[in-house]
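Chemist: For reference, the structure I am asking about is given below.
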Amino acid sequence: MECPHCHNKGNVLKRIFSKRKGYENRYCVHCNSEVKLIYNWKNIFLLITFVIIGLIIINFVIQAIGWPGISSGFAGGLGGSIIAVYMRKPPFLKIELISKSKTKRRK
Ligand SMILES: [Zn+2]
């Protein structure tokens, strides 16, 4: 995720956009710009499908070489974390700048 206004980047541990109570949109923690996160669910759905197919193929290959294969819990965790990382990147997520930081935070 990158702020479209000040171009600061967040990471997995630190979210760059914070949600405020009572507001639907999010705000950049650096420049206070209001942004809207638009998830492209069609692309995300395709991503999920590919990840599931990928995990099935990996499991197939592992079992084919005589290993016990990956457990469904491990596969779910792996697939879930891949999806969680990628769905926050383009083309899965579009960050729209709604308003620049016109209001300076006063006390
Ligand atoms: Zn910003």
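Following the numbering used here, the numbering of the sequence shown begins with 34 at its first residue and continues without gaps. Virtual Cβ for every residue (Gly too), placed ideally from N, Cα, C. Bear in mind that the values here come from a model prediction, so they are computed numbers and not experimental data.
Given a threshold of 16 other Cβ atoms within 10 Å of its Cβ, counted over all protein chains shown, does Ser66 qualify as buried or as exposed?
Modeler: Counting Cβ neighbours within 10 Å, Ser66 comes out buried, since at least 16 surround it.
Chemist: If Leu130 and His40 are in contact, beta carbons under 8 Å, what's the gap, nearest whole angstrom?
Modeler: Leu130 to His40, Cβ: 11 Å. No contact.
Chemist: Is there at least one Cβ from chain D nearer than 8 Å to Pro123's Cβ?
Modeler: No chain D is part of this structure, which consists of one protein chain only.
Chemist: How far does the alpha helix (DSSP H) with Leu111 in it reach, from first residue to last?
Modeler: Taken as a continuous stretch (DSSP letters only), the alpha helix (DSSP H) holding Leu111 covers 105 to 119.
Chemist: Output needed for Gln96: all residues of its chain with C-beta closer than 8 Å, excluding positions within five of it in sequence on either side, in chain order.
Modeler: Cβ within range, chain order: Gly102.
Chemist: Is it the case that the CB of Ser132 approaches a heavy atom of ligand 1 more closely than 7 Å?
Modeler: It does not: the Cβ of Ser132 is nowhere closer than 7 Å to a heavy atom of ligand 1.
Chemist: Can you give me the C-alpha to C-alpha distance between Ile90 and Arg121, rounded to a whole angstrom?
Modeler: Going by the C-alpha atoms only, they are around 25 Å apart.
Chemist: Using only the alpha-carbon positions, how far apart do Phe148 and Leu79 sit?
Modeler: Outside the displayed range of the chain (34 to 140) lies residue 148, so it cannot be described from this structure.
Chemist: Please return the same chain residues whose Cβ sits closer than 7 Å to the Cβ of Gly51, not counting the five positions on each side in sequence.
Modeler: It is worth fixing the name first, because residue 51 is Ser in this sequence and not Gly. Cβ within range, chain order: Arg59, Tyr60, Val62.
Chemist: Is any heavy atom of ligand 1 found at a distance shorter than 7 Å from the C-beta of Ser66?
Modeler: Within the cutoff, so yes.
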